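There are 2 protein chains.
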Amino acid sequence: MTALPDLTRLVADHRPRFRTATEFVEATLRHAILTGVLAGGTPLRQDDLAALMGVSRMPIREALRQLEAKALVEFHPHRGAVVVSITAEDAADISAIRHALEPAALALSLPHLTPDDFALADDLIADMDAETDPGRMGELNRRFHMTLYARAGRPRLLALTEQHLAAADRYLRFQFAALEYQTRSQDEHRALLAACRAGDTAGACAIVADHIGRAEGLLTAFLSERAKGADAPARRGQNKT
Amino acid sequence: MTALPDLTRLVADHRPRFRTATEFVEATLRHAILTGVLAGGTPLRQDDLAALMGVSRMPIREALRQLEAKALVEFHPHRGAVVVSITAEDAADISAIRHALEPAALALSLPHLTPDDFALADDLIADMDAETDPGRMGELNRRFHMTLYARAGRPRLLALTEQHLAAADRYLRFQFAALEYQTRSQDEHRALLAACRAGDTAGACAIVADHIGRAEGLLTAFLSERAKGADAPARRGQNKT
DNA sequence: AGAGTGGATATTGGATCCAATTCCATTTGG
DNA sequence: CCAAATGGAATTGGATCCAATATCCACTCT
Chain C
1 MTALPDLTRL VADHRPRFRT ATEFVEATLR HAILTGVLAG GTPLRQDDLA
51 ALMGVSRMPI REALRQLEAK ALVEFHPHRG AVVVSITAED AADISAIRHA
101 LEPAALALSL PHLTPDDFAL ADDLIADMDA ETDPGRMGEL NRRFHMTLYA
151 RAGRPRLLAL TEQHLAAADR YLRFQFAALE YQTRSQDEHR ALLAACRAGD
201 TAGACAIVAD HIGRAEGLLT AFLSERAKGA DAPARRGQNK T
Chain E
242 MTALPDLTRL VADHRPRFRT ATEFVEATLR HAILTGVLAG GTPLRQDDLA
292 ALMGVSRMPI REALRQLEAK ALVEFHPHRG AVVVSITAED AADISAIRHA
342 LEPAALALSL PHLTPDDFAL ADDLIADMDA ETDPGRMGEL NRRFHMTLYA
392 RAGRPRLLAL TEQHLAAADR YLRFQFAALE YQTRSQDEHR ALLAACRAGD
442 TAGACAIVAD HIGRAEGLLT AFLSERAKGA DAPARRGQNK T
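Order-wise, the sequence lines are chains C and E. Residue numbering for the first sequence follows this note's numbering, starting at 1 and increasing by one per position. Residue numbering for the second sequence follows this note's numbering, starting at 242 and increasing by one per position.
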């Protein structure tokens, strides 16, 4: 059968939102990867995906190429595509990018934030307090951050930022099991929002930088520990039971 | 016929360096776009490209999707792909990204730079002094900057940096006509290298930031002026003879 | 018995074919 | 004479088909 998790829900959800099959497939797979439904190391069989999505292999291939360009999947010639799994080094790498991009986006955006933006950010914090599902938590976290950056007026900068924020969140979902992280993270979110409301650009940027650094520390620790536990957790389809 | 410029040289050059046709096509087109051989607004007919590259339309399509993910081309459903032309807003956008990434990369890399790196940077500055072709100039400029960032030990950060540095260079080639830019740019390059040699991280980062800002100013001015001159320079293939 | 080799199989890479959509030009009616 | 509709041509989007390559397993030879 298929070693893929059940994506019918995602498929049905994304299907009507796109005109071309390629865009639909790309969006669906990207969502699945970023929310962790498709874990790192998962082999992506073109035939399986085609059957699952109800299209032929061609849109699948185009979508996979796009995801490759976004560093979400990896092609091995004649051996197929796999979801890239993030190592501790990659985590530091992505964190460095966030560390560069997010304060810059925030500094550009902060002067143009409106009361509506602050209210939305408040709501998102409250939602995160109530949320327990790690997947939705990542989504909320991402939206909270992007709300604060949104007024930067730099579409490419924002797209890059969101992309890497999402890449980090993809593994941050494991962190939410580490209970104390959530409360501390929420404290930082509140402090960040307060600094934004006060118009304290330097302070807000410092908080964001610190926030990213802390998340990186936890993520790196988690990944290195997991790497010790299982050296080669997922190579090929190894359901030999 | 084809409205495309002569790419046979690029094709022959890249052809042996890749195993799969898709990767070859992607690299060739990317190179052509980044060096300005394919100008912004150029419509990319899949048939023409296929004939030019000596492959079928499918690798072309996959490559175009990758370039779309990298924001180098733009798809219009059922109307084809065009090379994205950079507006003054886009220039500011890309500049903001460079402004965020390059000082970060430099700060990480600087402590690990070796005498060999400095020597290579010296050579590249000398080469730029002697170079007159704008296309090769962009290449040298890119290599100079990347040499200084290369020891950051963050592959993704470096890839992003190079990508946006190249995107800027793509239009910076028009700047080199503006004579005084080159001498000033070279002065800044020398100052930057000196700061790196001295181990002055903060100073080097400041110089880079300033360098990027100045380039942005010139580029923005150029683009806005050109926008006034020709409002819609290239729409479709208008060779009705 | 173990290692190396050969073939069978599965999966991707690439080419060709067909349908759907858009754009352009011509034509026709007011 | 101009505007709107209609038909055709060109081009892309998607599906199917064929070839190339890597993996896996059985078999043989040392």
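Every residue gets a Cβ at the ideal spot worked out from N, C-alpha and C, and that includes glycine. Every value quoted in this text rests on a predicted model; they were computed, and no experiment measured them.
Inset, instruction - Determine, using beta carbons only, whether ILE207 of chain C comes closer than 8 Å to chain E. - result: no
Legend entry - Backbone secondary structure at THR2 of chain C - three-state DSSP: Its pLDDT being 43, under 50, THR2 of chain C is placed unreliably by the model, and the measurement read from it follows with that caveat. If DSSP states are grouped into helix, strand and coil, THR2 of chain C belongs with coil.
Legend entry - Nearest to LEU110 of chain C (by Cα), restricted to the options C:ARG142, C:GLY138, C:MET146, C:VAL84: C:MET146
Legend entry - Residue of E:THR261, E:GLU421, E:ALA443, E:VAL449 minimising C-alpha distance to HIS430 of chain E: Its Cα nearest to that of HIS430 of chain E, the residue E:VAL449 stands out among E:THR261, E:GLU421, E:ALA443, E:VAL449.
Inset, instruction - Establish whether the CB of LEU106 of chain C and some CB of chain E are separated by less than 8 Å. - result: no
Legend entry - Residues of the stretch 3 to 23 of chain C whose Cβ lies closer than 9 Å to any Cβ of chain E, in chain order: ARG19, THR20, THR22, GLU23
Legend entry - Which of helix, strand or coil DSSP assigns to HIS282 of chain C: Residue 282 of chain C lies beyond the range of chain C shown here (1 to 241); nothing can be said about it.
Legend entry - Within 8 Å, strictly: CB atoms of ARG189 of chain E and ALA39 of chain C: This structure cannot speak to residue 189 of chain E, because chain E is shown only from 242 to 482.
Legend entry - Integer-rounded CB distance, given that LEU140 of chain C should sit under 8 Å from LEU124 of chain C: That belief holds up - the Cβ atoms of LEU124 of chain C and LEU140 of chain C are roughly 6 Å apart, short of 8 Å.
Inset, instruction - Please decide whether ASP47 of chain C counts as near chain E, where near means a Cβ-Cβ distance under 8 Å. - result: no
Inset, instruction - Could you tell me which of E:CYS446, E:GLN307, E:GLU343, E:HIS452 sits nearest to SER426 of chain E, measuring between CA atoms? - result: Comparing Cα-Cα distances from SER426 of chain E to each of E:CYS446, E:GLN307, E:GLU343, E:HIS452, the minimum goes to E:HIS452.
Legend entry - Beta carbon proximity, ILE338 of chain E to chain C, threshold 8 Å: Yes - at least one Cβ of chain C is within 8 Å of the one on ILE338 of chain E.
Legend entry - CB contact below 8 Å: ILE94 of chain C versus chain E: By this cut-off, ILE94 of chain C is an interface position.
Legend entry - Listed by chain order, chain E residues near PRO155 of chain C by CB distance under 7 Å: For PRO155 of chain C, the chain E residues whose Cβ falls inside 7 Å of its Cβ are ASP334, in order along the chain.
Inset, instruction - Put PRO77 of chain C into one of helix, strand or coil per three-state DSSP. - result: coil
Inset, instruction - Taking the CB atoms as reference points, tell me whether HIS405 of chain E and ARG455 of chain E lie closer together than 8 Å. - result: no
Legend entry - Alpha-carbon spacing of ARG258 of chain E relative to GLU131 of chain C, whole angstroms: 50 Å
Legend entry - Assumed close pair ASP358 of chain E, ARG392 of chain E - CB separation to whole angstroms, cut-off 8 Å: 7 Å
Inset, instruction - Consult DSSP for ALA12 of chain C and reduce its assignment to one of helix, strand or coil. - result: helix
Inset, instruction - Would you mind reading off the limits of the alpha helix (DSSP H) that contains HIS112 of chain C? - result: Segment: none, HIS112 of chain C is in no alpha helix (DSSP H) and carries neither H nor E.
Inset, instruction - Output the distance between the C-alpha atoms of GLU21 of chain C and ALA121 of chain C, rounded to the nearest integer angstrom. - result: Residue 21 of chain C is actually Ala in this sequence, not Glu. In a straight line, the C-alpha of ALA21 of chain C is about 34 Å away from that of ALA121 of chain C.
Legend entry - Three-state secondary structure (DSSP) of LEU44 of chain C: strand
Inset, instruction - Could you tell me whether the Cβ of GLU457 of chain E comes closer than 8 Å to any Cβ of chain C? - result: no
Legend entry - Contact with chain C by ARG438 of chain E, beta-carbon distance below 8 Å: Taking Cβ atoms only, chain C never reaches closer than 8 Å to ARG438 of chain E, which makes this a no.
Legend entry - Selected residue, minimal CA-CA separation from THR183 of chain C, among C:ALA194, C:ALA166, C:ASP200, C:MET128: C:MET128
Inset, instruction - Find out if the Cβ-Cβ distance for the pair GLN287 of chain E, ARG306 of chain E is shorter than 8 Å. - result: no
Inset, instruction - Below 9 Å between beta carbons is the criterion; list the residues of the stretch 181 to 195 of chain C that meet it against any residue of chain E, in chain order. - result: none
Inset, instruction - Kindly list, in the order they appear in chain C, the residues whose Cβ is closer than 8 Å to that of PRO318 of chain E. - result: ARG19, THR20
Legend entry - Identity of the residues DSSP links to VAL324 of chain E by a beta bridge: According to DSSP, VAL324 of chain E bridges with E:VAL314.
Inset, instruction - Using three-state DSSP, classify ARG395 of chain E as helix, strand or coil. - result: coil
Inset, instruction - Give every residue of the same chain whose Cβ lies closer than 7 Å to the Cβ of ALA63 of chain C, excluding the five residues on either side of it in the sequence, and list them in chain order. - result: THR22, VAL25, GLU26, LEU29
Legend entry - Backbone CA spacing between LEU310 of chain C and ALA198 of chain C [nearest angstrom]: In the structure as shown, chain C begins at 1 and stops at 241. Residue 310 of chain C is therefore absent and cannot be evaluated.
Legend entry - Buried versus exposed call for THR249 of chain E [16 or more other C-beta atoms within 10 Å across all chains shown]: exposed
Legend entry - CB contact check: ALA71 of chain C to chain E, cutoff 8 Å: yes
Legend entry - LEU44 of chain C and VAL82 of chain C closer than 8 Å at C-beta: yes
Inset, instruction - With GLU263 of chain C as the anchor, note down where its alpha helix (DSSP H) starts and where it stops. - result: The structure shown has nothing for residue 263 of chain C, since chain C only spans 1 to 241.
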